[in-house]
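Following: one structure in C-alpha cells, then a few remarks.
Numbering (our numbering), first residue to last: 101 to 503.
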C-alpha cells in the first residue's frame with residue numbers, strides 16, 4: 101500500500117477518534133472496571149469454574165497430540181474389593197490389607213508405591229495415635245512399609261488452626277522409626293482449582309511440606325523437581341483422562357502372577373487409592389471424586405495427573421499478575437480503538453466478532469505451545485458490553501435531540 105494511502109488511512113482513524121467525546125472513554129473505562137470486578141468476584145466464589153473447565157476440556161480434546169501416562173499405574177480399591185471382599189466396607193480401611201498391597205507391589209518391582217488414603221489418628225494431637233482395636237494391624241502395616249526395598253509415599257493430613265495456619269494432624273505412623281530414607285510423606289489435600297499443581301506448603305513454624313504428588317516425584321526422580329519453574333503460585337497442568345492411565349484393581353494386584361505384575365508395574369510409580377461406591381455395592385457415587393477439566397476423577401487419578409505433569413514437559417510457570425493485566429489492557433485498548441474507528445454498524449459488529457475469534461485462536465496457541473489457558477475473554481466481554489451499551493446510548497441520545 102502506498103505511503104500516501106497509509107497516511108490518509110491513519111488521518112481518517114485519528115479523525116474518528118477525535119470525534120469521540122471524553123464521556124465515551126469514561127464510559128468504556130467504567131464498563132471495563134465493572135466487568136473485571138464482577139468476573140473476579142464470580143471467580144472467587146467458584147461460579148465460573150465450570151466454564152473454565154469446559155474451555156480447558158475443549159482445548160485439550162482438540163489439540164493435535166493426546167496425553168497419556170508414561171510413568172504411573174493407578175491401583176484402585178473398587179466395589180468388589182471394598183464391599184464384597186475382606187475389607188467388608190470398613191472405615192478406616194484395614195491397615196493389614198494395605199500392608200499386603202505394599203508387599204505385593206514391592207515384590208513386583210514398583211519403584212514408588214504411593215498410598216492415597218486418610219491415615220490420620222483418631223485424635224489430631226495423637227492421643228491416641230491409633231484406636232486400640234486397630235493397633236495390631238497398624239503394626240503390621242508399618243513393618244511392611246519399613247521392610248520394602250523401594251520407596252513408599254505416605255499421606256500427611258493437615259488442617260487449619262484457629263490462627264489461620266496450616267498444621268499437620270497426627271497420623272497413625274507418627275512416632276514410628278522407619279529407619280530408612282525410602283519413606284516420604286506429602287499432604288493429600290487437593291486445592292479447589294485443579295488446573296494448578298500443588299506445590300510445597302508452609303506449615304506453622306515455617307516448616308515446608310511437599311504435596312503428595314511432589315513427594316512421589318521426589319522419590320522417583322528428584323532432579324525433575326529442580327527443573328520445575330520457580331513460582332509462588334502452583335503450576336498449570338495438562339490433564340489426562342481417567343481411561344488414559346494404566347489401571348489395575350487391588351484384587352487384580354493381589355491375585356496376579358508375579359511375572360505378569362513385574363511386567364506391568366516394574367520400575368514404575370504405583371498410586372493406590374479409593375474408588376468404591378459411597379453407600380454400598382453400586383450405590384451412590386464413587387468416593388473421593390473431584391471435578392477436573394477432564395471430568396470427575398477419584399483423587400488417585402488427580403495426583404497421578406500432577407505426577408505426570410511434573411515428570412513430563414507439560415509444566416510452566418504461570419504468567420505474572422502484572423503481565424496478565426498489561427496484556428488484558430492492551431487487548432481492551434486494541435478492541436476499543438477498532439470499535440471506535442469503525443464507520444458503520446456492520447463494521448462494528450465485524451470488529452467485535454473478529455476480536456472474539458482472534459482471542460480464541462490466541463488462547464488455543466497459548467495452550468498448545470505454552471501450556472497456559474490464557475483467559476482473554478474478560479476484556480472481550482468488557483468491550484462487547486460497552487458496544488451494546490453505546491448502541492442503546494446513541495439511540496437514546498438521538499431521540500433526545502429530536503424536536
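All C-beta atoms, glycine included, are put in the ideal place defined by N, C-alpha and C.
> So, helix, strand or coil for residue 464, using DSSP?
Replying inline: Residue state, collapsed to three classes: helix.
> Given residue 184, which residues of its chain have a CB within under 7 Å of its CB, disregarding the five upstream and five downstream residues?
Replying inline: Contacts found: 381.
> Since residue 374 is in the beta strand (DSSP E), which residue starts that stretch and which ends it?
Replying inline: Residue 374 -> beta strand (DSSP E) spans 369-374.
> Since residue 221 and residue 272 are thought to touch, with beta carbons under 8 Å apart, how far apart are those beta carbons, to the nearest angstrom?
Replying inline: Between residue 272 and residue 221 the Cβ distance is about 6 Å, and since that is below 8 Å, they are a contact.
> According to the Cβ coordinates, are residue 212 and residue 353 closer than 7 Å?
Replying inline: Cβ atoms of residue 212 and residue 353: not closer than 7 Å.
> Straight-line CA distance for residue 251 to residue 206?
Replying inline: Between residue 251 and residue 206, the C-alpha separation is close to 9 Å.
> Roughly how many angstroms lie between the CA atoms of residue 275 and residue 383, to the nearest whole one?
Replying inline: C-alpha separation (whole angstroms): 38 Å.
> Would residue 243 be called buried (16 or more neighbouring beta carbons within 10 Å of its own) or exposed?
Replying inline: Under this definition residue 243 is an exposed residue.
> How many angstroms separate the CA atom of residue 511 from the CA atom of residue 254?
Replying inline: Lying outside 101 to 503, the shown extent of the chain, residue 511 is not represented and no answer is given.
> For the region 334-362, which segments carrying the alpha helix (DSSP H) assignment without a break, of at least 4 residues, lie completely within its bounds, in sequence order?
Replying inline: Listed in chain order, the alpha helix (DSSP H) runs fully inside the region 334-362 are 350-355, counting runs of at least 4 residues.
> Alpha carbon to alpha carbon, how far is residue 155 from residue 235?
Replying inline: Rounded to the nearest angstrom, the two C-alpha atoms are 48 Å apart.
> Quick one: Cα of residue 509 to Cα of residue 218, how far?
Replying inline: Outside the modelled stretch of the chain, which goes from 101 to 503, sits residue 509, for which no answer is possible.
>> What residue range does the alpha helix (DSSP H) around residue 278 cover?
In response: Careful: residue 278 lies outside any alpha helix (DSSP H) and carries neither H nor E.
>> Buried or exposed for residue 393, going by 16 or more other Cβ atoms inside 10 Å?
In response: Its Cβ being crowded by 16 or more others within 10 Å, residue 393 is buried.
> Using CA coordinates, which residue listed in 397, 288, 296 and 398 is at the minimum distance from residue 309?
Replying inline: Selected option, being the one with the closest Cα: 288.
>> If you reduce the DSSP assignment to three classes, tell me which class residue 156 lands in.
In response: Reduced to three states, the DSSP call for residue 156 is helix.
> Taking the alpha carbon of residue 303 as the point to measure from, which residue in 269, 315, 361 and 387 has its own alpha carbon closest?
Replying inline: Residue 303 has its Cα closest to that of 269, out of 269, 315, 361 and 387.
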